[in-house]
Every structure is written in structure tokens, then in C-alpha cells.
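Data block below; observations after.
4 protein chains.
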Amino acid sequence: MTRDDPLTVADVARLAQARLPKELWDYVAGGSGAETTLAANRAALDEVAVLPRVLAGVAAPDPGTRLLGSASSLPLAVAPMAYQRLLHPDGELATAEAAEAAGVPFVVSTLASVTVEEVVKTGATTWFQLYWLRAPGVVEDLVARAEDAGCEALVVTVDVPVMGRRLRDVRNSFVLPDDVVAAHLTGGGDGTASRAHAREAGTSAIAAHTAAAFAPGLGWSDLEWLRDRTSLPLVLKGILDPRDAVRAAGCGVDAVVVSNHGGRQLDGAAPSIAAVPSVVAALAGQAAVYLDSGIRTGTDILRALASGADGVLVGRPVLYGLAADGAPGAGRVLSLLAEEFRDAMTLAGCADVAAVRELSTVRTVRA
Amino acid sequence: MTRDDPLTVADVARLAQARLPKELWDYVAGGSGAETTLAANRAALDEVAVLPRVLAGVAAPDPGTRLLGSASSLPLAVAPMAYQRLLHPDGELATAEAAEAAGVPFVVSTLASVTVEEVVKTGATTWFQLYWLRAPGVVEDLVARAEDAGCEALVVTVDVPVMGRRLRDVRNSFVLPDDVVAAHLTGGGDGTASRAHAREAGTSAIAAHTAAAFAPGLGWSDLEWLRDRTSLPLVLKGILDPRDAVRAAGCGVDAVVVSNHGGRQLDGAAPSIAAVPSVVAALAGQAAVYLDSGIRTGTDILRALASGADGVLVGRPVLYGLAADGAPGAGRVLSLLAEEFRDAMTLAGCADVAAVRELSTVRTVRA
Amino acid sequence: MTRDDPLTVADVARLAQARLPKELWDYVAGGSGAETTLAANRAALDEVAVLPRVLAGVAAPDPGTRLLGSASSLPLAVAPMAYQRLLHPDGELATAEAAEAAGVPFVVSTLASVTVEEVVKTGATTWFQLYWLRAPGVVEDLVARAEDAGCEALVVTVDVPVMGRRLRDVRNSFVLPDDVVAAHLTGGGDGTASRAHAREAGTSAIAAHTAAAFAPGLGWSDLEWLRDRTSLPLVLKGILDPRDAVRAAGCGVDAVVVSNHGGRQLDGAAPSIAAVPSVVAALAGQAAVYLDSGIRTGTDILRALASGADGVLVGRPVLYGLAADGAPGAGRVLSLLAEEFRDAMTLAGCADVAAVRELSTVRTVRA
Amino acid sequence: MTRDDPLTVADVARLAQARLPKELWDYVAGGSGAETTLAANRAALDEVAVLPRVLAGVAAPDPGTRLLGSASSLPLAVAPMAYQRLLHPDGELATAEAAEAAGVPFVVSTLASVTVEEVVKTGATTWFQLYWLRAPGVVEDLVARAEDAGCEALVVTVDVPVMGRRLRDVRNSFVLPDDVVAAHLTGGGDGTASRAHAREAGTSAIAAHTAAAFAPGLGWSDLEWLRDRTSLPLVLKGILDPRDAVRAAGCGVDAVVVSNHGGRQLDGAAPSIAAVPSVVAALAGQAAVYLDSGIRTGTDILRALASGADGVLVGRPVLYGLAADGAPGAGRVLSLLAEEFRDAMTLAGCADVAAVRELSTVRTVRA
Ligand SMILES: Cc1cc2nc3c(=O)[nH]c(=O)nc-3n(C[C@H](O)[C@H](O)[C@H](O)COP(=O)(O)O)c2cc1C
Ligand SMILES: Cc1cc2nc3c(=O)[nH]c(=O)nc-3n(C[C@H](O)[C@H](O)[C@H](O)COP(=O)(O)O)c2cc1C
Ligand SMILES: Cc1cc2nc3c(=O)[nH]c(=O)nc-3n(C[C@H](O)[C@H](O)[C@H](O)COP(=O)(O)O)c2cc1C
Ligand SMILES: Cc1cc2nc3c(=O)[nH]c(=O)nc-3n(C[C@H](O)[C@H](O)[C@H](O)COP(=O)(O)O)c2cc1C
């Protein structure tokens, strides 16, 4: 490692910001509305202080765990994120490769700019993230395609009935360039895909696309249909209210992701970490609980698990790595998080992930 | 919408500030004393975080509700605000027109610069806000005039026994220009109206007018008299203590507005949102509960309703719109809030206003 | 009032700061140590939000009350403050005159730069503040002198066993000028008075004087001796722990002042307002409870009383007025506070001081 | 004392910073990760407000206490800190001399740059801090050496299984100069000592050394072995979780140091002061409780003891004094803390350390 190597995700973010055109940086880093929830995600994580354990006889901690029944080298998966070729020509191939190298699952978005089949070829454990599209048959096709490609789980994102009001994108009249497309939606469908490429002043083209393409009114019966339709593990991404978590478990969901979509959907939604304890308590083990939104360090992973989560998803940091340096950049982010988490486990006296979940936390004041 | 269109109430406020002479901006935007309560209104709203619901099958949420028994397109009314011709020659006509177009009630102030009869002609659902004036017979006349004009409710403002110490106005020696008058008070009365137009250095002329014109010592018996006098729905505006809310309900009041007058009266009064839950609990449904003071976004409306309110009043934002661009400006503010609230409902999985009131909230740290 | 008249105590403070040499400003405005408690006094007051009452039929509130059995036009006394001729040649004569005009008690310090006899001549209700000096017989003499002069109460300050570490004074090598002396201590005593006039680099001469002159090891038996010695009402100034309040009441004390000496003694002591509720509860009416430290506005008086106090003492603001403009300046401060408190009572629907004490408070977030 | 003499530890820190090369300042002042815990240590101490007592008859407080059965002039020991010759040629000799002069114990680090035998010659009460090294026999040798040298206690530091991620050191490629060595580890051992002197870009050489030299996987059985091995009092340094405190007491430990290593190990660990009350409660007197991390003033010592601790360790401030002016500088820091603590005791009405522990505290808002 040389003097200029990034030592933290914050370093990587700075490199990415320096490299990206403003409108791309804004698209990735931004949140919705007044970005209250975006900021609250960090503030609430910073307030979780951990009580480390000592003399636990931990020579080398094992950060490995099982996520949805498969081994993962960390209690972490790469969050589904759309259109990654915006940030680097290799797009999802690069990030999936990094996930594969890191030994963690990669979640491929419905709106990926590289197909799930190509992603799977990287060798990464792949989960398919499902947006429920309006066009008849498309959801069923996507499920089949994910199954056929060898995905090991379906992640149904339920917090995007419409896109959040992302004002940076609106002010930038953000639009996808012609060469970055939703790779799973090119085969016809309902012809809405072009919306994401049509620049209209004072409008976010991707919000317009979402409005046109996503099915309105998704309900529990859709989830039940899907539960019947596939035998893959099902993850419900984007819940915060424990009542929804319990209902999801009742529908046979295997895991929930406590998430506010990284502060990109409802501005004013609770920080994910604040919702975790009550979701964990309400579920009482009926389904696994993952958290995302704001994870930036190994300590954050410790905080999440000590608060009761079984694992985390990491979003923007991976894209920062991708933007900074393609697959090696994304890999650097994952290895930083791995190093940091391993160090944090060691320093907290935790031999394994189960021990991390036994740590006590106190809410502390931010300085 | 073009690149420069305002996307938030904050954008509109900036446009208004750029357009208004400082003393008018100060008059509208300012609060009393050290502006502690003014700032606390925002801070307290920002701390209310919501737990959205998912998979609720909400294709298109219905933000409509009934306010005092009449349909409203939103759980929102335009707050009573005096002398709107200060901000635009069309004054209350413009804002009432905007309210009418938005399908929400408009509350016309006793101190309006346009008469209630003219306001009613815009077609807006009109409520008349009553200040209790000293001059004998004036209150009774105003009530009769409001009834005759076709107002659908009376809003009795009880937090202005005297005007709050609005230091910006005092420092500006604020005075009404000759051509902006209290349109309901021109017909003689006690001759105090001219006080608002008499510049005295180091004095707020409108505070002097209020002191001269408003009846001191308003009591519950006055409210009882009014309850007997009119069959219109009665709203008590400006309460924060649950004991007052319960007493008001006992007097036959139909609704209370939990309000600190936008931080313009008692500096040091609690932020309205902090008082809502105990007022709602104490009333137990005996009267409707509205909130004002600090509502700036659709998320704020969600916060207020999730905290137990039945609706909100919006004040300054409408004046910012009026100052920026007359009726279209005021309309833009109301349509922004409507869009934002509809989006917030969708993102929170709420099919209707009743569902919003079932949302859970957590108090979160501000970033 | 003209445009430049001060409208708040903060305005007066600015005038004073502009007029005073830095070392005098520092002496008055400063606190001890890192000034944590000085700042916390304000922060904690700002967090107390009040729930005003409405329709209470208050035509003109009566801010009058009884303090130690005598009528006062406000629930406020001027706090004892040493050496006021530092700030203006008229010193305590000016501030006492202002107190007399305002109809509130004036507390004359043991270390006053004008004698108690002269102060009493102003006509002000005068209380004598007692520091327990080492020199034999001096305390007894001071008590007799206060009684003879016509003082109506004795205020025993118990939070100055030594002077707090006031670093501004130390850095300024602060010393009293020759013409400002402790007027009650000139008649010989133990010859320590000159210490306050002896400049030593890197030392606060007044701290040196205090160390030399004040009796160490003051105890409850001293208070019992004093209780037997005088029939004047006794006030214990400078308590924060409810256990001390209860013990004081057991010794026959008539009132306690919950105080941290305006943040000038123990840095890290609790803000006074935070200690009031438990002191009030513990005393259960056995003694009156006054508060000082940080009162700057009429709303602050409301906050203190709504938190349970019977009255407040006001310190620095009176000195700011004195420095800015002698007796009229001090008078302006008191009339500002009176106006602000009367307005706050009116706006909070309180007919009298008893009603203020019935107000509810909520702890709110600072913006 | 002259005008420029430092009056607070903060003053001394500024002098040190001015004198030290940046990389040395960073090494001493810095923390791990985002320095969240480093900052939280101060923030949490600042929030502890004390309720002083009055009329306690305290002529001159006695800050003396017993630490591990021996008399100490203050409830304070100098924390173990490695390589003090980095800051001044006299290194640990100077700080031990200062401790001796102040009458407080000095803890000599395993990684001291001066040997324990030389330290003991200063006459200071010396405790030996033990890091558990990998090399066979070294721990046993160090224990014997400490016993033989006349150390009065062993302090086993348990929060450094690996070094925290101290990013400043990494960015500075921090390395020990050739003439500053771990004086106890020169006699051969496992040859890892040279690692601390080998500059590698983008690496902290001292972290590399620690990784190579420290025994991984320290467990409770090691502690039991040590308890059997020595009859010296045993202190466990670096615990935060009450469960570990109780277990340590069960192993016969005489005291625990509630510590996060001054924010240098697990970033995100709780501030020490936040953990003290529950550790004290859980131990119920079975072992003494000391606190370190963030103590900078006499008031901080008061805060720690009022929160239940029996004493504190002070780290960086002593090094700031050493860097600023050798033994006299370190002495100035200790005498400042002594003066401040004595004043704080006096101002809080505490005759002795036991009385300090009876003070009440309230959590207050920071300004
Ligand atoms: C640029 C970007 C694109 C995203 N696209 C998707 C997506 O297609 N599907 C999805 O479920 N979530 C998407 N998310 C949300 C992430 O899966 C995840 O919830 C969020 O980024 C977590 O917060 P973090 O970025 O603070 O780690 C996206 C997030 C970002 C930043
Ligand atoms: C310029 C201005 C004039 C107002 N005039 C009146 C009035 O005449 N009658 C009344 O009841 N409230 C009046 N109010 C208070 C509003 O009705 C409302 O309570 C307040 O503005 C709500 O806070 P917000 O502005 O933060 O939304 C006025 C407020 C403003 C800003
Ligand atoms: C310049 C100055 C001198 C003071 N002298 C005395 C004194 O002689 N005796 C005393 O009991 N308190 C003294 N005090 C403390 C005040 O009585 C009072 O407790 C404090 O000023 C209240 O805080 P405030 O200044 O924030 O209102 C003094 C305060 C100041 C600012
Ligand atoms: C430069 C430095 C070196 C340290 N070396 C050691 C050490 O060798 N052994 C140890 O147990 N603690 C060591 N510590 C931690 C201190 O003993 C103590 O826990 C910490 O400094 C307390 O926090 P404070 O510096 O805020 O007072 C070191 C701390 C510093 C700042």
C-alpha cells in the first residue's frame, strides 16, 4: 500500500467524486427531499456505541456466516444498484467480480446494465433483485430468468412504489446516456425503457421511467403469488415497521432488509438502525434480519449486528470503488470493510458473528 | 417545468426573499423574541421520523379528507394571514384562488386586506378567522358578515391577546402602506385601524394597532357566547395545553388548531408538533385536531398526521408563493405540497389519510 | 424609543461590551474553567418550552408577588454583585435606584463598592448578601450593620468557599483600580482588602483577596448561629442539591437560591434550571425557591416559574445596563424584563404569578 | 506564575503541538478510525453535570486516597504510555519524576523507552503495565522483572489484541526513530522489536510491531495463570462491559480500568464515562474501578468519581507536559490537575474522596 492508497470508504468516496461528473456523483451520493433521512442514517449509526469484550481468547476471529443458507465470508452482501455502467464501463461485471473475490453475495438489480447471466458468470453468489414491473408477464419472466441463471435468492424491493423525490437529479435533468441501458428490459416489454434516456428539462428521466414502468399497488397477495411461484429463498427489501416484518415472515419470507433505500425514497423515514431492534424483537427469529443504509465502516457492521441484525447490505461504497477504479476499486472497498470488520471483531473480543450479536450497545451523544 | 422552477417550498421562499423589501420579508418570515420557538418548530418536525408501510396495495393514494365535515382534496387548509396585499396587489384574492384550485379551504383573516365577500367569490371553501375586537358590536357584526358571505366555519384565534414581541418589525419600524388596509375594519368601528399606518420610530405599527383594537381578557364565556350565537362549525386556533383542548371540546368546539402562531407569539412556547400527541390523547376524538407552525413539505404533513393530527394549516409558504408570483405562485406552493404529500403517502404505503394516522413514528436525532 | 434603543438584554450587553475595557467585560461576562456551566445555563433554559394557556380572561396580568413576605412588582430581585463602581462611577447607587424604580428588591453584596447605608437611602427594598469573612467579629458586625441600615433580608452565599477558577481574570491579571473598594471592609478588619488591589502577573487579585479574606470551612452550625442571631428572613444562595435544600429548611431558612453563581464557581456544576424541579419537590413548600444563572428574558422568568421556582435573581444583565448607561441603563434592563415578562404572562394566559407556576413545560430540542 | 504560563491542560496541549513534529503530535493526540470514540469521550464527560454540596465545613479538602492499598495524594495515576522518549530525551524518567513529586502512582508500559528499574529509581510508586507478548517466557520474565524492581502492582492491558486502526499513523507512515526503543524488549526476545523501526510507506510501523509481537488470543486462563503467578495487586485495564468486570473480579483482580484506550483501539466503543455506572453497580465493591480516556481537568476527576469510579488514569495530558517542557512540564500538568481537583472538591463541598463519590450527577445538554 502506498501513501495515497485509500484507507477508508470516505477516502474512496473522495476519489470517486473527483472522477465523476457532478450529475453522476449527485445521482449516486444523493438522497430524496431535504436529505433528512440520508443524514439521519449516519447520525444514528454514529450514536450506537458498543461495549467490547475482553480476554475472549480470540486469536483470529471468523467473520464468516451463512446468508440465506449459503456461506459468506462476511455478514455482508453487495446491495442491488441499478445501471452500474454509469460509473465504469465494466459496470456490474466489475462489482460482481469484486464480490466474488471477497466471498460475499452480489445482488443484481432488475435495472442492472449488465445481464444477470453475465453476472453469474463471474462466479459470484448472485441474488436477483426484483422490481415489480407493469408489463404483463415481465415479472414472471424475470423470476424464471433469475432461476435459470443460477441465482440463489430473490430480493423483492418493496419501497419503490414510485421513486423518491430526488431533487439533485431533477435539478440536473438527469438522464441515462444511450449506452447504459436496463439490460434485462431491452427485449421489448412495454416500451417504457426509453423513458430513462429522454432528457426533459427539470425532470429526472429515471424517475419518469420508474413511474411508467413499475407496477402500482403492489400488495401482499403479489408476494404470496411469488412465494408459491419460486422455491428460491425470498428476501423482502425495504421494510421499517415491525408489523410488516411479521406479516412478511407469515408469508414465508426468509429474510427482511430493514432499509430506507439509503435515504433515497421517503425523506423523513426513520434511520434503518433505529428500526432494527424492534424488528428483530417482533420477528423473534422467524426470518433473518439484514440492514442497509449508511454502512461505511467495519464498525458500522459491528453496530448493526450488535443491534440485532444478522447481516448488512452495502450500497454506495461499492459504487464509489467502481467509479474510482473499476473492479479493483470495488474490491478495495470490500477488502477495506473486511479488514475493518475483522479488526473490529478482534478489538471487541468476538470470535465469530454470533459473538458480535451478543455485544451490548449504548446510545451515546455525538461529538 | 423548467430548470429554474422551484422544486420545494424552500426554493419558493428564496424567490420571495429576493423579491421582497427586507422589512416585508422580515414581517412574514420572522418570529417573536429570540425566535427560539420559530426555530424549534422546524427542529421538532425534523426529529419526527416515520416508519413507512409496504405492500399495502396502494395504486394511487387518496389524500382527500373531510375538514369540518366538508370534503377537502388534502388534509390541509391555508392558514389565516393578515394583510396579504402587502405581498402582491391581488392579496387574498390570489391565495384564495389558489386554494380553490387546489381544493382546500382558505381561512380569511379578520385583518384581511380583501373582504370576505370578495374572497368567497373565488369559489374557495372559506372559513372566517375571528379576532375579538374591543369595539362594541364588531365581533357580532363580523360573525354575521361571515355567515352571510357563506363562510363554512369560524376560526377563533386565541393566542393573540397582545401581539408577540416581533423584534424585526420593531427594528424596522414596520408600518402598513396606505393602500393596504384591514378591509373588514374600514367601516368605522373604533377608529383604531389607522394605528397600523402610523409610523413611529422603534415601534411596530401593527403591534400598536393590535394593542388598541383587540379586546383584552378574552375568556371561556366569550367562546360560549359565540357557540350559542352561531351554528357554524367552530375552530379554536392557538392552543398547546391539553387542558385547554378538553375545555374547548366541552364548549362545543369542533376542532382545535395546535399552534404557536408560527413562532410569532410567545417565544419559548413549545413546538406545535411536540404538543400534538397529548392533545390528541386528551381529546379522545371529542374534537378534530389540526396543527400548524412549521409545515414546509409533504413529509411534514405526514409527520403531523402520524403524530395524531387530523390535518394541518399552512401559513408562510403560501405567502412566499404569493410574493414570488401571485396566484400562480401560491398555487405552485399548494401543488408542490400536494405532490409531495401524495408521494409521501405512496412511499409510506398509505391508501388514505386514515392510514397515515396509523403510521408509527420514532424520535430521531438530527444530523 | 428610537431606532437604536436596546430592545433586548442582548442588545444592552452589546452596548456594554463596546463601552468596557476588555478586562472588565471579561470579569463580568466570564465564567470559570472552560465555561461549560456558563454555557449550559443558557442551553438548559432554551430547552424548557412552555405550554401557554388560552381564554383565561386575563385583561392585564399582575406580575406582582411577595418575595420574603414583602411585595415586589415582579418575581425578581437584583442579584448581589460585588464592586459595581467598576462599571460606572455611580455603582450600586445606580442599580439600587433602578431596582427601586422597578419596584424589585436589590441585594447589596458584602463586597459592594458603595455602603449598604447609602444603598438603603435610594429607597430600594434592600437585602444584604453576606460573605463569611475570616476576621473575627466581622460577620457579626455586618449583620448588625445590615439590620441597622434597614435591610429586609440576609442572603448567605454558600457557593464561594474559594473563588472559582476564572481564567479570563487570571490571564488578564485582573485587579481592582484604587478607587473601587469594598466599602464595607474599609474600616480595618484583617487588612486583607488591599489584596484585591495588588497586581500580580498571572493572578486574579480578586481571587487572591477572596482566598485571604473568606472564612474557610463554613458549616451548618454557622448557619444555625446566624439563624439564632437575627430575626431577618434568611436566604441561602448557591445550592443545587435537594438534600442541602431540605437541610437548609430544617435550619429555618426562608428561601433558597438555586444557583451556580452564573457559571462563575464550579465549572461542571449543573445548570440551575435543571436542579429546580427536584429542589422544589424535596422542599414541598417548606421554603421559597428562587433561581438565578442565565436569566436574560421575560420568557426565562416564565420558564423558571413554570419549572417550580417562586422567583428569580438577575445578575449580569443589570451590570450591562449599568455599564451602558448608569442608572437609566440598569433601569432599561429591568423595564425590558418587566415588559417581556408581562407580555409573556399575557401570551401564556396567566393572570398572576400563581398561574405561571401552573404552566406545563416540555423539554424541547434546541435548533 | 507569569502571563504565559499554561493555566489548563488545553494550554499545555497547544504548547506541545507547537513544539512537536506533526507526526509525533498525531501519534499522541490521535485516535483510531474516524475518531468517533476519541471525540465521544470528551462529549460524554462534558455532559456529566454535578450537584455540588454546601456548608459541609470543608476548610481544606483532602484529595488523598488509597490506590491498590497504597496512599496516593490524588485519586489519579499516570496511565501507561509507550515510548515516551519520543517526546523528550528524558522520557519516562521525566514523567515518573513528575509523578513522584505529585505523589501519584506511575504506570510504566511494557513498551517503555526507559527500563522499569530506572523508573523505580525516581522514587515514584510504580506499577508495571503488561502487554502479553508472543515470545515464549517473555511475559514471565517481565513479571519477575517488575516484581524484582519493586513495582507495586501489575496492570494487564486487555484491549490491544491488535492495534486499533490509527489512520493518522498510517498516513504518516509512522515509525520509531532509531534511538527510541522498547527498553524492556532489547534483550533478544523474538526479534520483532525492529519492526517498530522499519519504515514502510502507508504503514504504521508500531502497528506492524504490535501485530508481530503481541500474543493473539489472550484469554481468562492467562489471567488466572498470572493471578497464581504473582502476589502483586492485579489491575485489568481496558474493560467496558460489566460482564467482563464481574468475571475479572471472580478471577481475583483487584481493580479494573474502565477504558477505551483513549479512543485509540475500537472506534465506536462507548465513552468510558458512559460505562462506569453499570460496571460499578455490577461489581458492587468486589474490585476497585478506575476510569481513563478523556480526563483533562479537575472537574473531570470529580465527574468520574461522582459517577462511581474510585480513581482515574491520565494519559495524553502528561505527555503534552513532557513534550512542552520535560519533567517540569509533566509536573505542571499534574499540579494543574491537583489544583483544579482540590478547588473542585472545595467548591463541591467535599472534604474527602469519599464525599466526592456521594455527589449526585445529572446528564445535561452540551451548549
Ligand atoms: C445508485 C443507487 C442505485 C440503486 N438501485 C437500486 C435498485 O436498483 N434496486 C434496489 O432494490 N435498491 C437500489 N438501491 C438501494 C440500495 O440497494 C441500498 O438500499 C442502499 O444503497 C443502501 O444504502 P447505502 O448506499 O447507504 O449503503 C440503489 C442505491 C443507489 C445508491
Ligand atoms: C404574515 C402572517 C400573518 C398572520 N396573520 C394571522 C392572522 O391574521 N390571524 C391568525 O389567526 N393567524 C395569523 N397568522 C398565523 C398563521 O395563521 C399560522 O398560525 C402560522 O403562520 C403557521 O405557521 P407557518 O407560517 O410556519 O406555517 C399569521 C402568520 C403570518 C406569517
Ligand atoms: C460581576 C459579578 C459579581 C458577583 N458578585 C457576587 C457577590 O458579591 N455575591 C454573590 O453572592 N454573588 C455574586 N455574583 C453572583 C450573582 O449574584 C448571581 O448568582 C449570578 O450573577 C447569576 O447569574 P447571571 O449573571 O447569569 O444572572 C456575582 C456575579 C457577577 C457577574
Ligand atoms: C501515546 C500513547 C501511548 C500509549 N501506550 C500505552 C501502553 O503502552 N500501554 C497501555 O496500556 N496503554 C497505553 N496507552 C493508553 C493509555 O494508557 C490510556 O488508556 C489513555 O491514554 C487514556 O486516555 P487519555 O489519553 O485521553 O487520558 C497509550 C496512550 C497514548 C496516548
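Residue numbers (my numbering), protein chains in the order written: chain A, 791 to 1157; chain B, 791 to 1157; chain C, 791 to 1157; chain D, 791 to 1157.
The beta carbon of each residue, even a glycine, is placed where N, CA and C say it ideally should be.
No experiment lies behind these values; they were computed from the predicted model shown.
Where residue i sits in the DSSP three-state scheme
i	result
residue 858 of chain C	coil
residue 1150 of chain A	strand
residue 799 of chain A	helix
residue 792 of chain C	Bear in mind that a pLDDT of 47 at residue 792 of chain C, under 50, signals an unreliable position, so the model cannot answer this.
residue 1059 of chain C	strand
residue 922 of chain D	coil
residue 1127 of chain B	helix
residue 1028 of chain B	strand
residue 826 of chain B	helix
C-beta neighbour in chain C for residue i, strict 7 Å
i	result
residue 1152 of chain D	yes
residue 837 of chain D	no
Residue i beta carbon near ligand 3 (any heavy atom closer than 6 Å)
i	result
residue 820 of chain C	no
residue 947 of chain C	yes
residue 1119 of chain C	no
Short CB-CB distance (under 7 Å) between residue i and chain A
i	result
residue 821 of chain D	no
residue 944 of chain D	no
residue 797 of chain B	yes
residue 1085 of chain D	no
Distance cut-off 6 Å: residue i Cβ against heavy atoms of ligand 2
i	result
residue 826 of chain B	no
Chain B within 7 Å of residue i, Cβ atoms only
i	result
residue 1060 of chain A	yes
residue 801 of chain C	no
Beta-carbon gap between residue i and residue j smaller than 7 Å
i	j	result
residue 890 of chain C	residue 859 of chain C	no
residue 1112 of chain A	residue 1119 of chain A	yes
residue 1048 of chain C	residue 1059 of chain C	no
residue 854 of chain A	residue 1054 of chain A	no
residue 1098 of chain A	residue 1070 of chain A	yes
residue 1150 of chain A	residue 864 of chain A	no
7 Å Cβ cutoff, residue i in contact with chain D
i	result
residue 1155 of chain A	yes
residue 791 of chain A	Because residue 791 of chain A carries a pLDDT of 40, less than 50, the predicted location of this residue cannot be relied on, and the following value inherits that uncertainty. At least one chain D Cβ lies under 7 Å of residue 791 of chain A.
heavy atom of ligand 1 below 6 Å from residue i C-beta
i	result
residue 919 of chain A	yes
residue 901 of chain A	yes
residue 1082 of chain A	yes
Ligand 5 heavy atom lying under 6 Å from the CB of residue i
i	result
residue 1105 of chain A	In the structure shown, ligand 5 is absent; the only ligands present are ligand 1, ligand 2, ligand 3 and ligand 4.
Practice task
Select from the segment 960-972 of chain C all residues with a C-beta closer than 8 Å to any C-beta belonging to chain D, and list them in chain order.
Solution key: 960, 961, 963
Handout entry: Against chain D: residues of the segment 839-851 of chain A by CB proximity under 8 Å
Key = 839, 840, 841, 842, 843, 844, 845, 846, 847, 848, 849, 850
Practice task
Determine which residues of the segment 1091-1112 of chain A have a Cβ less than 7 Å from any Cβ of chain D, and write them out in chain order.
Solution key: 1092, 1093
Exercise for the section: Could you list the residues in the segment 1131-1149 of chain C with a C-beta less than 7 Å from some C-beta on chain B, going in chain order? Expected result: 1133, 1134, 1136, 1137, 1138
Problem - Short-range partners of chain D found in the segment 995-1021 of chain C, where Cβ spacing is below 7 Å - result: 1006, 1007, 1008, 1009, 1010, 1013
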